[in-house]
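Under mature numbering (1 follows the signal peptide of the UniProt record, and there is no 0), read the sequence shown as residues -22 to -1, 1 to 721, first letter to last. For each residue, glycine too, the CB sits at the ideal point set by N, CA and C. The block underneath contains the structure these notes are about, expressed in structure tokens.
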Amino acid sequence: MLSRLILIVFTCLFSTLHPALAERADPKMQMLFIGASPEDGAPGPLPENLPVIEVDSLPAADAAQQAVFAARLRANPVSTFVAEPSEAHAQFEQFYLVAHVGLASAEGGYAMKLAGEAFALGDFATRVSSLVDAFKPKHRRVGLLRVTDPDDVFPMAIGEVQTALNGLGFDMLVVMIGGDGGASCGAQEALHYSLVSGLADRAPFGDGNGISTAQEVENYLSNALNRQTQRDAACGPRYSVLLKNSNDPTQELVAYEGRSVFTDVETQLYNETFEAMFLLKSNNRDGVQEFLASCLYCPNEEALTDRLREMEEFARSSKLEDEIWQRIKDDAEPARLAIYLENCALCSYEAEVKERIAVLDAKARARDAEASAFTEASEARNLVALRSYTETCVDCAYTDQAGALIASIEADEAYKRETAAFAAAMEAREIQLLSAYLETCEICEGKSAAATMLEEETRRAELAQPCLALAAVPQLGGPRQLEEIDQARALAICTTAAASFPDDPALRTVLGRIAQAAGDYEAATQAYQVGMNADVPAAYGLAAYTHYAPPEGTEIDLLEAEKLATIGADKGDWLSQEILTVLYSKGLVPGRTQEEAFEIAQNIADQGNAMAEFFVGYYYLTGTGVVSNSAQAESWLTKSVNQGYTHAMSFLAEVYENGPTGVPEPEKAAELYWSALKSGDETAADRLTTQLSNRNRDVIRLIQLKLREEGVYRGGADGIAGPGTVTAIRNLAEALVADPQQG
């Protein structure tokens, strides 16, 4: 079953090694493998400076010395001897034995099996002892015997086995009893390599003084053997026995220097030590369990086991306290809650329990006063008081009754109307709606809020109205053209209003328009953004216009203009709709039509927008987005002119020039052209100069008469568009531009 007796020398006799090997080897330590391969379970390849000596069989006692030297001769290419082959050149300070043998019943007792031979226990011990003696060790430190016992005879043979093994003279013998293992068994920790690497002494297993004592070795091996047994019942030892020749816990068993010769030992130990240190400070119960189940050397195993036990105990206690809390959290009396505080271990719910007790105490104190308040409110059907009771009560003994009474009051149609009026007034922040609510309410649930808002909005309106009139868009009562804004006056008044209401986005928007009039587009853009963030409708139209007609040096962005104008139009802003009308009517936005332009213009024209009235009239005049209709054109252009929109005059004049019903009305046309010209309208000036020859002769004649009345024309009123007439009109137009007061 076991076929080899192999000797591995970690450090050999100086007298028997090649000089190069002698320089690397430590003459103080040697290990003897019997029936086991040194590669089995080794933590990586065997280092080159570990000579291996193989002996074919377990020799008789009198042949052990010769067998050892013969094996060394075969194992080393150069050997040096200073004496007879039976003599040793030096002794070993530390000697370790590793043996894998079998145990079975035999005639007259028990036998150890090795390499197909059976040896009586005494003979086995004698042969092994003689083989060890051949090395002349000074100290026989530790022997590790893995015993295959398929028939489980060790319990009966233990006395004889112990007697035989005691004769080997080792300071400690570790006997590991197991089955036959099998081919499926994987590698386990090679305990012999761990010991000679000094792991039992190294932190965190021992005190790290360079010497593994009997107590350190016993602790290390006990933990390691227990792990092997618990993790793998088939491959690990069923049980193990540690035999010691002394009870001195400080007895030296391993003296080592530096790190292990196996790099993999150092790497594995470092990684496991690092992970163990991390897990000791964590609350990762699964991580600790996984580490303890899979670690090889398992540093800090005891501390981690204790930590795991603490976490499991914490989990159990936490679960119990969770269950208790679920039972007592809704208690109406503090008795069980107080017991929890007195007896809890973790006290995970201490804060909640104290809060619950405080609530119960507060309920008791408030009970009588709340009962009186509810009775008074219910008898008076005072909705405000009932709501106050339900929202602020502590004991809340009557919340169901209060809720039912509130629902009854709320179901009343008069209350519903009153509530709707209040909501509308508060949302609109309109003075008239707020005043109407306060004057007509009966239940007056929102009286306080409405009165506060009314006072605020009244003051806001008083300050804002002059500002809006000076600089807001026409829809809000301001001037149409930026040039019409009195910048200094508007800035002073609007700044004062904004100082009183710094968060008013509408006032910020108006200040932006003043900045735009002054040429400060950056300040204007920032102000419009504030307005848009607050959904001020006018802010979208003003911002859109800066993209439609940006300052010099800035590119036009029609898509952004349309995007912002669309949002503003949805919010009812006139300027936004005016911009969309222009964009769509001119085909500046792909996919948009003139019909859409007409529809938008019609919408705000119906609301009284003078520019939109002009658009509708113009579209009817030109057939843009709608079938041309002179009568409709006359109607809408007239409305626009009547509202003071000068630009509409020339187009209305065109309608009369041709006659809305087919009969020209030159008097009306001439009057409109003249009024537009005197108002500085460029369209009128162009039609009466560059395009004068296209005018009706009666219109030209009437204009010539007016020029003569102005004293700027001396020619005849003959209806002919001669150069004298054109020059007179152009001179008058230029004079009006230079001095608008003349108009």
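Would you report the Cα separation of residue i and residue j, rounded to the nearest angstrom?
i: arginine 570; j: tyrosine 562; result: 6 Å
i: alanine 625; j: leucine 448; result: In the sequence under discussion, the amino acid at residue 625 is histidine, which differs from the alanine named in the question. Going from the Cα of histidine 625 to the Cα of leucine 448 covers about 22 Å.
i: alanine 313; j: leucine 338; result: 11 Å
i: leucine 51; j: alanine 281; result: 49 Å
i: serine 628; j: threonine 661; result: 7 Å
i: valine 76; j: glutamate 301; result: 56 Å
i: glycine 94; j: isoleucine 12; result: 13 Å
i: glutamine 459; j: threonine 487; result: 16 Å
i: phenylalanine 256; j: glycine 86; result: 57 Å
i: tyrosine 499; j: proline 528; result: 9 Å
i: arginine 305; j: arginine 438; result: 57 Å
i: methionine 154; j: leucine 92; result: 16 Å
i: arginine 343; j: alanine 254; result: 55 Å
i: leucine 542; j: asparagine 581; result: 18 Å
i: asparagine 223; j: glycine 121; result: 12 Å
i: isoleucine -17; j: serine 35; result: Annotation note: pLDDT 33 at isoleucine -17 (below 50); position unreliable, no value reported.
i: aspartate 659; j: alanine 442; result: 32 Å
i: valine 715; j: alanine 583; result: 30 Å
i: valine 266; j: arginine 287; result: 10 Å
i: arginine 679; j: alanine 609; result: 26 Å
i: alanine 161; j: cysteine 322; result: Model confidence at alanine 161 stands at a pLDDT of 44, short of 50, so the residue's coordinates are unreliable and nothing is read from them.
i: threonine 668; j: valine 690; result: 18 Å
i: aspartate 284; j: leucine 270; result: 12 Å
Within a Cβ cutoff of 7 Å, which residues of the same chain sit near residue i, ignoring the five residues on either side of it in sequence?
i: valine 331; result: Leu315, Tyr318, Leu319
i: phenylalanine 229; result: The sequence given here places glutamine at residue 229; phenylalanine does not occur at that position. Counting only Cβ-Cβ distances below 7 Å, and skipping sequence neighbours, we find Asp149, Thr191, Ala192.
i: alanine 579; result: Thr559, Ala590, Phe593, Val594, Tyr597
i: lysine 684; result: Trp652
i: alanine 355; result: Ala363, Leu364, Tyr367
Kindly list the residues whose CB is nearer than 6 Å to the CB of residue i, restricted to its own chain and excluding five residues on each side of it in sequence; keep chain order.
i: residue 776; result: Nothing about residue 776 can be read from this structure; the chain reaches only from -22 to 721.
i: alanine 233; result: Ile189
i: lysine 646; result: Tyr634
i: proline 182; result: Pro277, Asn278
i: leucine 274; result: Glu167, Gln246
i: glutamate 399; result: Reading off the sequence, residue 399 comes out as alanine, not glutamate. Correct list, in chain order: Tyr415.
What did DSSP end up calling residue i once you bin it into helix, strand or coil?
i: histidine 78; result: strand
i: phenylalanine 70; result: strand
i: phenylalanine 240; result: coil
i: isoleucine 707; result: helix
i: threonine 126; result: strand
i: proline 444; result: helix
i: serine 657; result: coil
i: glycine 145; result: coil
i: residue 790; result: Lying outside -22 to 721, the shown extent of the chain, residue 790 is not represented and no answer is given.
i: leucine 151; result: strand
i: valine 372; result: coil
i: lysine 646; result: helix
i: arginine 105; result: helix
i: tyrosine 562; result: helix
Please look up how many angstroms separate the CB atoms of residue i and residue j, rounded, as I've assumed it's under 8 Å.
i: glutamate 420; j: glutamate 435; result: At roughly 23 Å, the Cβ-Cβ gap does not stay under 8 Å, so glutamate 420 and glutamate 435 are not in contact.
i: alanine 466; j: glycine 490; result: Actually they do not touch by this definition, with Cβ atoms about 17 Å apart.
i: proline 21; j: alanine 168; result: 7 Å
i: leucine 566; j: phenylalanine 592; result: So it is not a contact: roughly 19 Å between Cβ atoms.
i: serine 218; j: leucine 203; result: 5 Å
i: alanine 98; j: alanine 89; result: 6 Å
i: glycine 519; j: aspartate 551; result: 4 Å
i: tyrosine 526; j: leucine 536; result: 7 Å
i: serine 175; j: phenylalanine 240; result: 7 Å
i: tyrosine 623; j: alanine 588; result: 4 Å
In its own chain, which residues sit with a C-beta less than 8 Å from the C-beta of residue i, not counting the 5 before and 5 after it?
i: isoleucine 387; result: Arg359, Leu361, Leu364, Tyr393, Ile421
i: aspartate 378; result: none
i: glutamate 290; result: Arg263
i: isoleucine 471; result: Pro444, Cys445, Leu448
i: serine 606; result: Tyr598, Leu599, Thr600
i: arginine 407; result: Met431, Glu435
i: alanine 103; result: Ala142, Leu143, Gly145, Leu146
When every heavy atom of the ligand ZN is checked, does at least one fall within less than 6 Å of the C-beta of residue i?
i: aspartate 130; result: What this structure holds is no ligand at all, so the ligand ZN is not there to describe.
_alpha helix (DSSP H) runs contained entirely in the stretch 477 to 522, provided each spans 4 or more residues_ = Secondary structure remark: continuous alpha helix (DSSP H) runs of at least 4 residues inside the stretch 477 to 522, in chain order: 483 to 495, 499 to 511.
*alpha helix (DSSP H) runs contained entirely in the stretch 255 to 305, provided each spans 4 or more residues*: Runs of the alpha helix (DSSP H) inside the stretch 255 to 305: 263 to 272.
*Enumerated in chain order, which unbroken segments of the alpha helix (DSSP H) with a length of 4 residues or greater are wholly contained in the stretch 187 to 232?*
For the stretch 187 to 232, whole alpha helix (DSSP H) runs of length 4 or above, ordered along the chain, are 192 to 209.
*asked:* Please give me, in chain order, every unbroken run of the alpha helix (DSSP H) with length at least 4 that falls completely inside the stretch 403 to 478.
replied: Whole alpha helix (DSSP H) segments, 4+ residues: 409 to 418, 425 to 449, 465 to 478.
_Threshold first: 4 residues or longer. Then list the alpha helix (DSSP H) segments lying entirely within the stretch 573 to 636, N to C._
Scanning the stretch 573 to 636 from its first residue to its last, the whole alpha helix (DSSP H) runs of 4-plus residues come out as 588 to 600, 608 to 620, 625 to 636.
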